[in-house]
Amino acid sequence: MGASAPGGHQTHIKYGLHKAGIFRFAPNYVHPEIAYSIIGRANQITYGVLRVNAFRFNQTTFKARGRDQCCWLSQQPTDYAYLASPSSYSPTYHPDYIDMDKIGHSHLKGTPLVAAITSVCSLGFWLFGYDQGVMSGVVISQPWLKQMGNPSTVMIGTITSLYDIGAALGAIAAASSSERLGRKQTLIFGAVVLIIGSILMGSAFERIQMMVARVITGIGIGYITSVTPVYQSEISLAEHRGWLVCCQLTSMLGGLMLAYCMNYGFYFHSSSAQWRFPLLFQCVFAIYVIAVTLWLPETPRWLMRHDATPDRGTTVLAKLRGVSSDHPVVQHERTEILDAIAIEAKEGGSWSDLFKDHGIRGNKRFYLALGIQFMQQMTGINIVTYYAPTLFQQSLGMSQERALFVGCFLQVWYLFASFVTWYTIDRVGRRKLWISMAYGQCLVLVLEAICVKLNTPRASIGAVFLIFVYEACFTWGWMATVWIYPPEILPLKLRAKGAALAAAADFLGNFVVVQITPPALRNIGYKTYIIFAVFNFVNAYIVWAFYPETAGLTLESVDVIFRRDDEPAESRTMTTFGLQWSIVGKAAAAVKKVKWNRATGVEGAVQSGIMTRKKESDDGVESGEAKS
Numbered sequence: 304m305g306a307s308a309p310g311g312h313q314t315h316i317k318y319g320l321h322k323a324g325i326f327r328f329a330p331n332y333v334h335p336e337i338a339y340s341i342i343g344r345a346n347q348i349t350y351g352v353l354r355v356n357a358f359r360f361n362q363t364t365f366k367a368r369g370r371d372q373c374c375w376l377s378q379q380p381t382d383y384a385y386l387a388s389p390s391s392y393s394p395t396y397h398p399d400y401i402d403m404d405k406i407g408h409s410h411l412k413g414t415p416l417v418a419a420i421t422s423v424c425s426l427g428f429w430l431f432g433y434d435q436g437v438m439s440g441v442v443i444s445q446p447w448l449k450q451m452g453n454p455s456t457v458m459i460g461t462i463t464s465l466y467d468i469g470a471a472l473g474a475i476a477a478a479s480s481s482e483r484l485g486r487k488q489t490l491i492f493g494a495v496v497l498i499i500g501s502i503l504m505g506s507a508f509e510r511i512q513m514m515v516a517r518v519i520t521g522i523g524i525g526y527i528t529s530v531t532p533v534y535q536s537e538i539s540l541a542e543h544r545g546w547l548v549c550c551q552l553t554s555m556l557g558g559l560m561l562a563y564c565m566n567y568g569f570y571f572h573s574s575s576a577q578w579r580f581p582l583l584f585q586c587v588f589a590i591y592v593i594a595v596t597l598w599l600p601e602t603p604r605w606l607m608r609h610d611a612t613p614d615r616g617t618t619v620l621a622k623l624r625g626v627s628s629d630h631p632v633v634q635h636e637r638t639e640i641l642d643a644i645a646i647e648a649k650e651g652g653s654w655s656d657l658f659k660d661h662g663i664r665g666n667k668r669f670y671l672a673l674g675i676q677f678m679q680q681m682t683g684i685n686i687v688t689y690y691a692p693t694l695f696q697q698s699l700g701m702s703q704e705r706a707l708f709v710g711c712f713l714q715v716w717y718l719f720a721s722f723v724t725w726y727t728i729d730r731v732g733r734r735k736l737w738i739s740m741a742y743g744q745c746l747v748l749v750l751e752a753i754c755v756k757l758n759t760p761r762a763s764i765g766a767v768f769l770i771f772v773y774e775a776c777f778t779w780g781w782m783a784t785v786w787i788y789p790p791e792i793l794p795l796k797l798r799a800k801g802a803a804l805a806a807a808a809d810f811l812g813n814f815v816v817v818q819i820t821p822p823a824l825r826n827i828g829y830k831t832y833i834i835f836a837v838f839n840f841v842n843a844y845i846v847w848a849f850y851p852e853t854a855g856l857t858l859e860s861v862d863v864i865f866r867r868d869d870e871p872a873e874s875r876t877m878t879t880f881g882l883q884w885s886i887v888g889k890a891a892a893a894v895k896k897v898k899w900n901r902a903t904g905v906e907g908a909v910q911s912g913i914m915t916r917k918k919e920s921d922d923g924v925e926s927g928e929a930k931s
């Protein structure tokens, strides 16, 4: 028998008319912390005990209220429920509409659920890495060059970089859909668009089709890379956030490595399969992303912000932490989120609000997010990512096969080097990694320019070795840290839009680098490396002067660091540099306090590291202090 839930959703309930009154809820529709009612005939139900898989649930009682019998289910959903008494009844849902698409169909909870979400977010970045790497072999494939009419180096740069224009557009569009539809639905939509673009690329017979397909594929990647860091950061504990985003970026390198290996493996095919199959292969993983994401929940922060009541968000939060909804950890985190939502609700969240202060320096935080992602591209990483085989051929005189082979080993090294960041990102912090590795990349690129200029056999060996060192420096300092920073630094109301535009800035910087690299390598040679060495030196100074640390802080506590009503009166007259430097110092003190509390186990220390303001009753002065 079917019963309609509010909102027109048809919920199927099977029941048997016998003494035990056995009835069955369809899977995933019985959910914790949701009130259900059973409508009895002729008020036959006066009292009963709802038994739901005793090894999972506590027995729950319900009493008569006229014809309506209400009960609360606890723990996790199950398929079967047993009503101790009546022999006949008409079961009906009587709560607010339960949107299972938002709270998730999966029975996973705790670490397994977080791991499932991380795997999907990681596969999103795997697709990003794969599509970057696959073009490195495609653009030197003779069947592809012939099919595309032997394009010039400028045209090759254009075809390759159109992907980044599409990705920038997708990232911007994802901001609105991420807020309106949620993180989960936006991720699914991006994967669908990516599949369409990949099919068009793999089936291209004309240059124009390849160019259009590159834009469409980029749009899909823009959606995916814009929303996955937000999705990941909003379901993670503060102390695990950096490590989990490292999983995403390591996965990206796994995709990059597989693309290079695929290019080398198909090099020995002389037909168009040499480039068509590698381009089409990514559809398999995009389909997996869609299939798994359908079963996962929306983020608690998004649910609490968009629901009339925060119940669904609390339910998801409890599932993520692996405890009941009334657990102190869940209630504390719930309070933090609701407080942040209440504060930010007063400050707006439109596109124009990205450029306004609103008392929490929202505009300056947006500029920081925008800047760090653009600076990532100015490190010059995509000279190597997109054009490593081209670089080996043009700068070092390798054959096509040798260039592809060395490229495979380069990406294997890139992947394994990234595991170091899993350990350092939350222990060392964002700032120290950025500054030290920017100086390291600067030095490596200067030495690379010298080796390319010398153009001797030994110098060529040195140049290849230095590229390996450069990729290690980049993954240790400028990969995962850059993608996690925008969701950390931005306030909740601006997080989706700000992170999307930051991703767009990354792709636009990528477009510039990818567009100019082929003609730059051909026309100015080794000087190309000198230019990017200078950019790395400048990056190190900018980070030192303007970027506060966020490692270990909750997303809500960052608001307190930037809040204007917590700053001393003399800061009103500070210069921009002085003011920003004071915020850097304030953040450093907060991070230091959090680390100390965790290391010493101080009673009352906040696990999540949030800083709150406390009203001093003596003098009425507000001050930020750590609490649990």
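The opening residue of the sequence shown carries number 304 in this note's numbering; numbering runs sequentially from there.
Yeah, the Cβ is synthetic: ideal placement off N, Cα and C, and Gly gets one too.
Exercise. Roughly how far, in whole angstroms, is the beta-carbon of L552 from the beta-carbon of V423, given that I think they are within contact range, below 8 angstroms?
Worked result: Taking the sequence shown and counting its residues from 1, the one referred to as residue 552 is at position 249. Taking the sequence shown and counting its residues from 1, the one referred to as residue 423 is at position 120. In fact, because the Cβ distance is near 15 angstroms, the residues do not count as touching under 8 angstroms.
Exercise. Could you give the C-beta distance for I644 and L795, rounded to a whole number, given that I count them as a contact under 8 angstroms?
Worked result: By 1-based counting over the sequence shown, the position of residue 644 is 341. By 1-based counting over the sequence shown, the position of residue 795 is 492. Right, their Cβ atoms sit about 6 angstroms apart.
For this session: Go ahead and pull the three-state DSSP assignment for S536.
Result: For the purposes of this step, residue 536 is identified with residue 233 of the sequence shown, where counting begins at 1. Three-state result, S536: helix.
Exercise. Which one of Y850, C564, L430 has the shortest CA to CA distance from L713?
Worked result: For the purposes of this step, residue 713 is taken as residue 410 along the sequence shown, with counting starting at 1. If we check each option's Cα against that of L713, C564 comes out closest.
Exercise. Which of the three DSSP states, helix, strand or coil, is assigned to I341?
Worked result: Position 38 of the sequence shown, counting from 1, holds the residue named residue 341. Reliability fails at I341, whose pLDDT of 35 lies under 50, so the model's placement of it is uncertain and the value that follows must be treated cautiously. Strand.
Exercise. Taking C-beta to C-beta, are F431 and M681 nearer than 8 angstroms?
Worked result: Working through the sequence shown from its first residue, we reach residue 431 at position 128. Working through the sequence shown from its first residue, we reach residue 681 at position 378. No, the pair does not count as a contact, with Cβ atoms beyond the cut-off.
Exercise. Grouping DSSP H, G and I as helix and E and B as strand, with all else coil, what is E601?
Worked result: On the sequence shown, position 298 is the one that residue 601 refers to. Coil at E601, not helix or strand.
Exercise. If you count every other CB in all the chains shown that lies within 10 Å of the CB of P415, and 16 or more means buried, which is it?
Worked result: Within the sequence shown, residue 415 is the residue found at index 112, counting from 1. Exposed: under 16 other Cβ atoms inside 10 Å.
Exercise. Between Y433, S539, P821, W779, which lies nearest to I524 when the distance is taken from Cα to Cα?
Worked result: Position 221 of the sequence shown, counted from the start, is the residue given in the question as residue 524. Out of Y433, S539, P821, W779, Y433 has the C-alpha closest to the C-alpha of I524.
Exercise. Count the other CB atoms within 10 Å of the CB of K800; is the residue buried (16 or more) or exposed (fewer)?
Worked result: Taking the sequence shown and counting its residues from 1, the one referred to as residue 800 is at position 497. Counting Cβ neighbours within 10 Å, K800 comes out buried, since at least 16 surround it.
Exercise. Any idea what DSSP makes of S390, helix, strand or coil?
Worked result: Within the sequence shown, numbered from 1, the residue matching residue 390 stands at position 87. Confidence in S390 is poor, its pLDDT being 34 and thus under 50, which makes the residue's placement too unreliable to answer from.
Problem set entry | Proximity winner among R866, P790, G828, relative to N758 (alpha-carbon distances) | Residue 758 sits at position 455 when you count from the first residue of the sequence shown. Out of R866, P790, G828, G828 has the C-alpha closest to the C-alpha of N758.
For this session: Note the first and the last residue of the continuous alpha helix (DSSP H) segment covering L804.
Result: Mapped onto the sequence shown, residue 804 falls at position 501. Here the alpha helix (DSSP H) through L804 covers 795–826.
Exercise. Going by Cα to Cα distance, which pick from S501, Q535, K622, V548 is closest to L583?
Worked result: By 1-based counting over the sequence shown, the position of residue 583 is 280. Selected option, being the one with the closest Cα: S501.
Exercise. Can you give the Cα-Cα distance for G440 and Q703, rounded to whole angstroms?
Worked result: Here residue 440 refers to the residue found at position 137 of the sequence shown. Here residue 703 refers to the residue found at position 400 of the sequence shown. Distance between the alpha carbons of G440 and Q703: 9 angstroms.
Problem set entry | Any beta strand (DSSP E) of 3 or more consecutive residues that is wholly inside the region 521–578 | none
Problem set entry | V785 and I675 closer than 8 angstroms at C-beta | For this step, residue 785 is matched to residue 482 along the sequence shown. For this step, residue 675 is matched to residue 372 along the sequence shown. Cβ atoms of V785 and I675: closer than 8 angstroms.
Problem set entry | C-alpha distance - P603 paired with G469, whole-angstrom precision | For the purposes of this step, residue 603 is taken as the residue at position 300 of the sequence shown. For the purposes of this step, residue 469 is taken as the residue at position 166 of the sequence shown. Cα-Cα distance, rounded: 30 angstroms.
Exercise. Taking C-alpha atoms, which residue in F865, R798, Q577 lies nearest to S481?
Worked result: Along the sequence shown, read from residue 1 onward, the residue named residue 481 stands at position 178. For S481, the nearest C-alpha among the options comes from R798.
For this session: Check N666 in the structure and name its three-state DSSP category.
Result: Reading the sequence shown from its first residue, position 363 is the one you call residue 666. Looking at N666 - three-state DSSP - the assignment turns out to be helix.
Problem set entry | Sufficient close CB pairs (3 or more, under 8 angstroms) joining the region 660–678 to the region 536–555 | no
For this session: Kindly provide the ranges of any alpha helix (DSSP H) runs that are 4 or more residues long and lie completely inside the region 425–475, ordered along the chain.
Result: 445–450
Exercise. Can you find a CB in chain D that lies within less than 8 angstroms of the CB of G460?
Worked result: Of the protein chains in this structure there is only one, and it is not chain D.
Problem set entry | Option in V417, L411, G683, R579 with minimal Cα separation from A741 | One-based indexing of the sequence shown puts residue 741 at position 438. Checking every option, the nearest Cα to that of A741 belongs to G683.
Exercise. Is E509 buried or exposed, if buried means 16 or more other CB atoms sit within 10 Å of its CB?
Worked result: The sequence position of residue 509 within the sequence shown is 206, counting from 1. With fewer than 16 other Cβ atoms within 10 Å, it is exposed.
For this session: Classify L497 as helix, strand or coil using the three-state DSSP reduction.
Result: Position 194 of the sequence shown, counted from the first residue, corresponds to residue 497. Residue state, collapsed to three classes: helix.
Problem set entry | alpha helix (DSSP H) runs contained entirely in the region 710–741, provided each spans 4 or more residues | 722–730
Problem set entry | Segment contact flag, the region 844–854 with the region 715–733, C-beta cutoff 8 angstroms, min 3 pairs | yes
Exercise. Out of curiosity, what's the CA-to-CA distance linking Y570 and M514?
Worked result: The residue labelled residue 570 in the question sits at position 267 within the sequence shown. The residue labelled residue 514 in the question sits at position 211 within the sequence shown. Approximately 23 angstroms, taken between the alpha carbons.
Exercise. Cα separation between V863 and A762?
Worked result: Start at 1 with the first residue of the sequence shown, and residue 863 comes out as number 560. Start at 1 with the first residue of the sequence shown, and residue 762 comes out as number 459. Going from the Cα of V863 to the Cα of A762 covers about 52 angstroms.
Exercise. Between the C-alpha atoms of L426 and L490, what's the straight-line distance to the nearest angstrom?
Worked result: Taking the first residue of the sequence shown as 1, we reach residue 426 at position 123. Taking the first residue of the sequence shown as 1, we reach residue 490 at position 187. C-alpha separation (whole angstroms): 11 angstroms.
For this session: May I ask you to report which of helix, strand or coil DSSP gives N839?
Result: Sequence index remark: in the sequence shown, residue 839 carries index 536 (1-based). It is helical.
For this session: Ignore the nearest five residues each way along the sequence and tell me which others in M877's own chain have a CB closer than 6 angstroms to its CB.
Result: The count along the sequence shown starts at 1 and reaches residue 877 at position 574. Its pLDDT being 43, under 50, M877 is placed unreliably by the model, and the measurement read from it follows with that caveat. Cβ within range, chain order: n/a, list empty.
Exercise. In angstroms, rounded to a whole number, what distance separates the CA positions of A494 and G780?
Worked result: Locating residue 494 in the sequence shown gives position 191, counting from the first residue. Locating residue 780 in the sequence shown gives position 477, counting from the first residue. Going from the Cα of A494 to the Cα of G780 covers about 28 angstroms.
Exercise. Just the Cα atoms here: how many angstroms apart are A477 and V632?
Worked result: Residue mapping note: residue 477 aligns to position 174 of the sequence shown, counting from 1. Residue mapping note: residue 632 aligns to position 329 of the sequence shown, counting from 1. So the alpha carbons of these two residues sit roughly 31 angstroms apart.
Exercise. Among I834, V817, A783, V815, which residue has its Cα nearest to the Cα of T528?
Worked result: Walking along the sequence shown from the start, residue 528 turns up at place 225. Closest option to T528, Cα to Cα, is A783.
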